[in-house]
Amino acid sequence: MDTSSGTYTAKLIDGPLEGKTVSTGFLDSGDPRPRLELPGDGGKRYIYSRGAGLEFDAPDDDRPTAVEYRFIETVFD
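According to UniProt numbering, the sequence shown is numbered sequentially starting from 1.
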């Protein structure tokens, strides 16, 4: 994955979306997002928080190509 475009893969490692991945953008600072809010069916939103797992394509890469996210809560609208 080309991180120069400003995106990385978010790996959802638990919760209702366990095993799924989504592409998301880095913050303006270049850091991965600390939290993701993903839409679900019927007005639900799933909240995920950044975990410790980071993956890099090469050892000298500055930014990860994949980041793990853990489930926090489901919000109903």
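Note that beta-carbon positions come from the ideal geometry of N, C-alpha and C, so glycine has one too.
Here the structure is a predicted model, which is why all the values come from computation and not from measurement.
- DSSP, reduced to helix, strand and coil, places GLY15 outside both helices and strands of the structure shown, so it counts as coil.
- Bridge pairing for ALA52: absent [DSSP].
- Around the beta-carbon of VAL75, fewer than 16 other beta-carbon atoms lie within 10 Å, marking it exposed.
- Here the alpha carbons of ARG33 and LEU27 stand approximately 6 Å from one another.
- Annotation for THR24: the continuous beta strand (DSSP E) segment containing it runs 21-25.
- With respect to ARG35, SER49 sits close: the two C-beta atoms are nearer than 9 Å.
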